Amino acid sequence: MLRNLLLYAFIGITSLTCHSQSINDKILNAINHSDWFALDSIYDSAPKDSIHPFLEISSRCFLGHQLNRPDVSIPAFQELFNTQSENLDLNNFITFAVMFGKDLNKVGENEFAASMINQAIGQTQQYLDSASVSNLSMMANWYSALAPYNTYQIQFNEADVATVPFEIIPMGPKEKGGVLMQLKESAINGTPADMIFDTGCVSSIISPEMAEKYGLTPLEGSKVSVAGIGSTNGYLAIAKELKLGNITIKDVPFTVTSMSSLAAINDEADQYADALNIILGNDLMLQLKDITIDFVSNNLTIPASATSNPVRTQAKPNICFADTRNLLCKCEIHDTPLLMLIDSGNASYGTLGEGFFDRNKPFVLTNGTKDNVRQAGIGGIKINERYLLPNLKISLGGHTAEIPEIDIKTTPEPASEGEGVLGLRTLMLYPQIHLNFTDFTLTPTPAKTVQRTQ
Numbered sequence: 112m113l114r115n116l117l118l119y120a121f122i123g124i125t126s127l128t129c130h131s132q133s134i135n136d137k138i139l140n141a142i143n144h145s146d147w148f149a150l151d152s153i154y155d156s157a158p159k160d161s162i163h164p165f166l167e168i169s170s171r172c173f174l175g176h177q178l179n180r181p182d183v184s185i186p187a188f189q190e191l192f193n194t195q196s197e198n199l200d201l202n203n204f205i206t207f208a209v210m211f212g213k214d215l216n217k218v219g220e221n222e223f224a225a226s227m228i229n230q231a232i233g234q235t236q237q238y239l240d241s242a243s244v245s246n247l248s249m250m251a252n253w254y255s256a257l258a259p260y261n262t263y264q265i266q267f268n269e270a271d272v273a274t275v276p277f278e279i280i281p282m283g284p285k286e287k288g289g290v291l292m293q294l295k296e297s298a299i300n301g302t303p304a305d306m307i308f309d310t311g312c313v314s315s316i317i318s319p320e321m322a323e324k325y326g327l328t329p330l331e332g333s334k335v336s337v338a339g340i341g342s343t344n345g346y347l348a349i350a351k352e353l354k355l356g357n358i359t360i361k362d363v364p365f366t367v368t369s370m371s372s373l374a375a376i377n378d379e380a381d382q383y384a385d386a387l388n389i390i391l392g393n394d395l396m397l398q399l400k401d402i403t404i405d406f407v408s409n410n411l412t413i414p415a416s417a418t419s420n421p422v423r424t425q426a427k428p429n430i431c432f433a434d435t436r437n438l439l440c441k442c443e444i445h446d447t448p449l450l451m452l453i454d455s456g457n458a459s460y461g462t463l464g465e466g467f468f469d470r471n472k473p474f475v476l477t478n479g480t481k482d483n484v485r486q487a488g489i490g491g492i493k494i495n496e497r498y499l500l501p502n503l504k505i506s507l508g509g510h511t512a513e514i515p516e517i518d519i520k521t522t523p524e525p526a527s528e529g530e531g532v533l534g535l536r537t538l539m540l541y542p543q544i545h546l547n548f549t550d551f552t553l554t555p556t557p558a559k560t561v562q563r564t565q
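Quick note: to get my numbering, add 111 to the position in the sequence shown (first position is 1).
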């Protein structure tokens with residue numbers, strides 16, 4: 112939604128002569144191009160009295176929402192609706208209300224979120240189509256179902272730093288060399304559980320069979336739509352206790368859905384879906400605030416202080432949210448600046464989008480070979496014809512490595528996010544990946560030849 116948001120109301124506002132035309136234009140341009148890093152830099156350096164009040168408040172809403180700063184966005188949304196309602200057209204009003212609800216949910220204010228969305232429906236229903244009303248109502252019901260729970264109560268059990276071991280397991284055809292991260296020493300409601308650690312999944316997901324096996328509590332009226340390779344429907348359920356190594360987390364929401372709605376007609380999708388029965392997504396990771404993925408020792412490390420007392424530094428973010436709330440990270444591949452989806456649930460080195468192909472077409476056609484790519488996930492399996500390109504240099508968080516091979520899209524594909532995908536095998540080129548969800552930074556340890564734990 113945000114990527115298509117043009118915010119036409121701002122155009123008239125920025126024409127006012129009593130405010131700096133150049134600063135307002137720069138802010139408007141950054142918002143309209145979903146360039147949250149540029150907006151952060153412009154807003155941070157600009158004198159606040161040079162920004163039109165509507166744009167100043169809206170900037171804080173967007174920056175807090177897109178750069179994971181709910182402490183910034185929530186008061187900004189309240190100020191926006193209290194003081195700038197005359198500048199909000201219908202589309203902007205609904206968009207900001209949805210954003211506000213998501214940020215309230217992130218900090219556990221689900222009752223407030225449900226009330227606010229229901230109020231927005233009441234104020235705008237006569238102007239909306241039935242699909243929009245249905246989507247907003249589903250969102251409000253989702254928040255209402257979560258409201259009785261104090262979600263994500265995190266206990267480190269007297270440890271200053273928690274350690275969660277994992278193993279790298281094969282995924283997909285052997286010749287493709289696909290792998291996933293499966294957490295060890297983990298349990299749901301006291302029963303040991305194998306879970307996939309997936310930074311490319313917005314919410315934690317469990318199959319209906321596993322939800323019943325582990326005794327999750329279904330939440331009435333909590334229908335949700337889940338997107339992946341395809342799309343499917345599900346509902347919310349609560350795990351009373353989730354153990355990850357020496358961390359205990361109480362009241363953890365999961366989306367219950369079939370991992371492959373195409374299993375009945377696609378044996379290959381059914382085969383791969385067995386590895387995806389329980390997925391820990393970035394909704395949980397964001398609550399932990401700070402995670403280092405150590406591919407040498409095969410451990411996640413999580414400092415207790417980051418969760419109990421998160422402190423934002425002056426570090427510039429290189430992560431932002433996609434429209435779907437997936438995580439996008441700045442990088443360069445073959446000297447081409449890109450904004451890529453961070454996806455440890457992608458079993459390959461990843462994918463480069465059609466934008467990379469367009470900017471590097473002669474190089475791809477000369478050095479690449481055509482390849483059919485099968486990608487398994489929620490909703491089934493997708494087969495695409497792409498180019499396979501070897502030996503590309505990547506710069507991630509200021510550190511370089513060489514990707515042995517990566518797929519290149521030549522045309523747009525449905526449900527694509529960012530300008531490509533950094534898969535698990537690319538992340539594993541670095542000994543460690545540090546994810547700081549307070550500063551919203553990804554920092555790798557410089558790549559080098561190491562002996563990995565098998």
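Don't be surprised by glycine CBs; every beta carbon is placed ideally from N, CA and C.
Nothing here was measured: the structure is a model prediction, and the numbers come from that model.
For residue j and residue i, the rounded distance between their alpha carbons
{"i": "residue 553", "j": "residue 161", "result": "32 Å"}
{"i": "residue 204", "j": "residue 163", "result": "18 Å"}
{"i": "residue 460", "j": "residue 505", "result": "11 Å"}
{"i": "residue 463", "j": "residue 531", "result": "4 Å"}
{"i": "residue 362", "j": "residue 217", "result": "14 Å"}
{"i": "residue 154", "j": "residue 284", "result": "48 Å"}
{"i": "residue 193", "j": "residue 178", "result": "23 Å"}
{"i": "residue 467", "j": "residue 405", "result": "30 Å"}
{"i": "residue 175", "j": "residue 271", "result": "29 Å"}
{"i": "residue 529", "j": "residue 223", "result": "31 Å"}
{"i": "residue 440", "j": "residue 450", "result": "5 Å"}
{"i": "residue 565", "j": "residue 296", "result": "Reliability of the predicted coordinates at residue 565 is poor, the pLDDT of 44 falling under 50, and the value obtained from them is presented with this limitation in mind. Near 17 Å, if we compare the C-alpha coordinates of residue 296 and residue 565."}
{"i": "residue 442", "j": "residue 509", "result": "8 Å"}
{"i": "residue 546", "j": "residue 245", "result": "36 Å"}
{"i": "residue 354", "j": "residue 308", "result": "14 Å"}
{"i": "residue 471", "j": "residue 347", "result": "43 Å"}
Residue from the options with nearest C-alpha to residue i
{"i": "residue 542", "options": "548, 523, 512, 145", "result": "512"}
{"i": "residue 209", "options": "218, 197, 225", "result": "225"}
{"i": "residue 399", "options": "500, 285, 551, 540", "result": "551"}
{"i": "residue 330", "options": "296, 367, 316", "result": "367"}
{"i": "residue 424", "options": "222, 549, 155, 257", "result": "549"}
{"i": "residue 320", "options": "288, 267, 387", "result": "387"}
{"i": "residue 453", "options": "536, 426, 150", "result": "536"}
{"i": "residue 351", "options": "360, 344, 345", "result": "360"}
{"i": "residue 189", "options": "202, 212, 200", "result": "212"}
{"i": "residue 259", "options": "458, 515, 221", "result": "221"}
{"i": "residue 357", "options": "275, 292, 557", "result": "275"}
{"i": "residue 287", "options": "457, 538, 353", "result": "457"}
{"i": "residue 502", "options": "508, 496, 509, 516", "result": "516"}
{"i": "residue 419", "options": "243, 247, 137, 263", "result": "263"}
{"i": "residue 311", "options": "557, 556, 533", "result": "533"}
Simplified DSSP assignment, three categories, for residue i
{"i": "residue 260", "result": "coil"}
{"i": "residue 497", "result": "strand"}
{"i": "residue 506", "result": "strand"}
{"i": "residue 587", "result": "Outside the shown range of the chain (112 to 565) lies residue 587, about which nothing can therefore be said."}
{"i": "residue 360", "result": "strand"}
{"i": "residue 325", "result": "coil"}
{"i": "residue 415", "result": "helix"}
{"i": "residue 539", "result": "coil"}
{"i": "residue 512", "result": "strand"}
{"i": "residue 374", "result": "Since pLDDT at residue 374 reaches only 40, below the 50 mark, its modelled position is unreliable, and no value is offered."}
{"i": "residue 308", "result": "strand"}
{"i": "residue 455", "result": "coil"}
{"i": "residue 122", "result": "Here residue 122 scores only 48 on pLDDT, less than 50, and its place in the model should not be relied on; the value that follows carries that caveat. Residue 122 falls in the helix class under three-state DSSP."}
{"i": "residue 379", "result": "For residue 379, the predicted structure reports a pLDDT of 46, less than 50, and the residue's modelled location is therefore unreliable. A value from the coordinates is still provided. Helix."}
Delimiting residues of the alpha helix (DSSP H) encompassing residue i
{"i": "residue 184", "result": "181-194"}
{"i": "residue 150", "result": "147-156"}
{"i": "residue 172", "result": "164-177"}
{"i": "residue 201", "result": "201-217"}
{"i": "residue 548", "result": "Neither: residue 548 is in no alpha helix (DSSP H) and is coded neither H nor E."}
{"i": "residue 461", "result": "Element bounds for residue 461: not the alpha helix (DSSP H) but the beta strand (DSSP E), 461-463."}
{"i": "residue 233", "result": "221-235"}
Segment limits, beta strand (DSSP E) that includes residue i
{"i": "residue 273", "result": "272-281"}
{"i": "residue 443", "result": "438-444"}
{"i": "residue 473", "result": "Segment 472-478 is the alpha helix (DSSP H) holding residue 473; no beta strand (DSSP E) there."}
{"i": "residue 397", "result": "Run containing residue 397: none in the beta strand (DSSP E); it sits in the alpha helix (DSSP H), 393-399."}
{"i": "residue 532", "result": "531-533"}
Do three or more CB pairs link the segment 322-332 to the segment 290-304 at distances below 8 Å?
The segment 322-332 makes contact with the segment 290-304, as at least three CB pairs between them are under 8 Å.
Is it the case that the segment 409-417 contacts the segment 275-294, given that we only count it when at least three CB pairs across the two stretches are under 8 Å?
Yes, the segment 275-294 touches the segment 409-417.
Given 8 Å, three or more beta-carbon pairs between the segment 137-152 and the segment 426-446:
yes
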